[in-house]
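To start, the structure itself, in structure tokens.
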Amino acid sequence: MSQPLIDLQHISKSFDGEMVLDDLSLSIKENSFVTLLGPSGCGKSTTLRIIGGFTPPDKGTVIFDGQDITKLPPNKRQLNTVFQKYALFPHMTIAENIAFGLKIKNKPKSYIDDKIKYALKLVNLSGFEKRDVTSLSGGQQQRVAIARAMCTKQPIILFDEPTSALDPEMIQEVLDVMIELAHENITMVCVTHEMGFARKAADRIVFMSDGQILEENTPDEFFEHPQTDRAKDFLSKILT
Ligand code: ADP
Ligand code: MG
């Protein structure tokens with residue numbers, strides 16, 4: 000067995016005396032696509048933020064590729080995050096937005112141009128380099144945010160409800176791009192409410208409730224044979 004790429008070990012986190020994550024452990028394999036599901040407030044975003052380094056755990060250890068990274072700041076971690084709101088810079092072109100992360104690392108222009116091309120192709124926006132952010136739809140903007148996250152080629156990408164701020168007709172185009180990305184050599188950890196997408200695209204479903212992982216399974220097993228009453232209840236509410 001190869002070691003997991005990410006290993007959360009006995010993570011606990013409280014906010015204002017409220018336990019939000021309670022001794023949570025989770026192993027994520029390299030190049031897998033893991034989806035976190037569970038009712039609102041159960042700790043999905045906090046789990047992602049702890050993987051990303053944005054929130055320090057009170058207890059427990061975050062391991063990346065065998066190394067303890069619990070105290071490493073987000074910019075030193077080998078990952079990118081796509082949030083619900085596609086925080087693009089409105090006064091920059093698409094190319095400038097994507098290049099931002101590369102430029103500050105002093106990369107040469109030819110390298111940056113190649114990366115922008117590669118990233119825009121991945122998200123089906125080839126030729127959009129010179130466009131203004133404001134001329135794009137919400138779905139296109141989120142795809143640019145994904146392109147920006149992909150162009151630095153980090154081994155992990157975290158998604159926190161990447162489609163929940165989008166108009167319904169734009170959701171699918173972003174989900175399709177994510178399904179494409181899942182075929183790249185990349186480890187994806189995603190929080191989503193798109194159940195059809197989770198079932199089709201994810202390798203593993205992690206079901207959380209009250210700051211704990213209650214189930215971890217393949218999508219087909221999870222959706223067809225949920226084991227716990229909480230998961231059954233969650234699915235009956237969300238699938239009706
Ligand atoms: P989910 O993403 O599953 O909806 P979250 O991880 O965002 O849940 O939040 C879990 C709980 O932690 C919620 O009760 C939320 O209000 C609380 N919480 C999250 N972040 C903070 C914070 N920075 N300060 C205080 N409470 C927080
Ligand atoms: Mg959340």
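Numbering of the sequence shown is given in numbering that gives the first Met the number 0, commencing with residue 0 and proceeding in unit increments. Idealized CB from N, CA, C, for every residue including glycine.
Per DSSP, what are the beta-bridge partners of residue i in this structure?
| i | result |
| --- | --- |
| Phe63 | Ile5, Gln66 |
| Ser24 | Looking at the DSSP assignment, Ser24 forms no beta bridge with any residue, so it has no partner. |
| Leu121 | Bridge partners of Leu121: none, in fact. |
| Ser208 | Gln211 |
| Thr80 | Leu157 |
| Phe203 | First, the amino acid is wrong: residue 203 is Arg here, not Phe. Answer by DSSP bridge pairing, in chain order: Val33. |
Where residue i and residue j are concerned, what is the direct C-alpha to C-alpha distance, given to the nearest angstrom?
| i | j | result |
| --- | --- | --- |
| Lys114 | Thr151 | 8 Å |
| Leu25 | Glu220 | 18 Å |
| Val33 | Ser125 | 28 Å |
| Ile93 | Glu128 | 5 Å |
| Ser39 | Leu87 | 26 Å |
| Lys75 | Glu168 | 36 Å |
| Val143 | Lys120 | 10 Å |
| Asn79 | Glu29 | 15 Å |
| Gly52 | Lys70 | 8 Å |
| Phe82 | Pro161 | 6 Å |
| Asn184 | Lys84 | 25 Å |
Which class does residue i belong to by DSSP, given the choice of helix, strand or coil?
| i | result |
| --- | --- |
| Asn74 | helix |
| Asp88 | Looking at the sequence shown, residue 88 is not Asp but Phe. DSSP places Phe88 in coil when its eight states are reduced to three. |
| Glu17 | strand |
| Asn105 | coil |
| Ser163 | coil |
| Ser11 | strand |
What are the boundary residues of the beta strand (DSSP E) that residue i is part of?
| i | result |
| --- | --- |
| Thr45 | It is not in any beta strand (DSSP E) - Thr45 instead sits in the alpha helix (DSSP H) that spans 43 to 51. |
| Phe127 | That residue, Phe127, is in no beta strand (DSSP E); it is neither H nor E in DSSP. |
| Val188 | 186 to 190 |
| Leu36 | 32 to 36 |
Would you kindly report the start and end of the unbroken alpha helix (DSSP H) that includes residue i?
| i | result |
| --- | --- |
| Glu215 | Note, Glu215: premise wrong, no alpha helix (DSSP H); beta strand (DSSP E) at 211 to 216. |
| Ile170 | 167 to 180 |
| Val143 | 137 to 150 |
| Phe196 | 194 to 200 |
Measure from the C-beta of residue i to each C-beta in chain C and report whether the shortest distance is under 8 Å.
| i | result |
| --- | --- |
| Lys12 | Annotation note: the requested chain C is absent from the structure, which comprises a single protein chain. |
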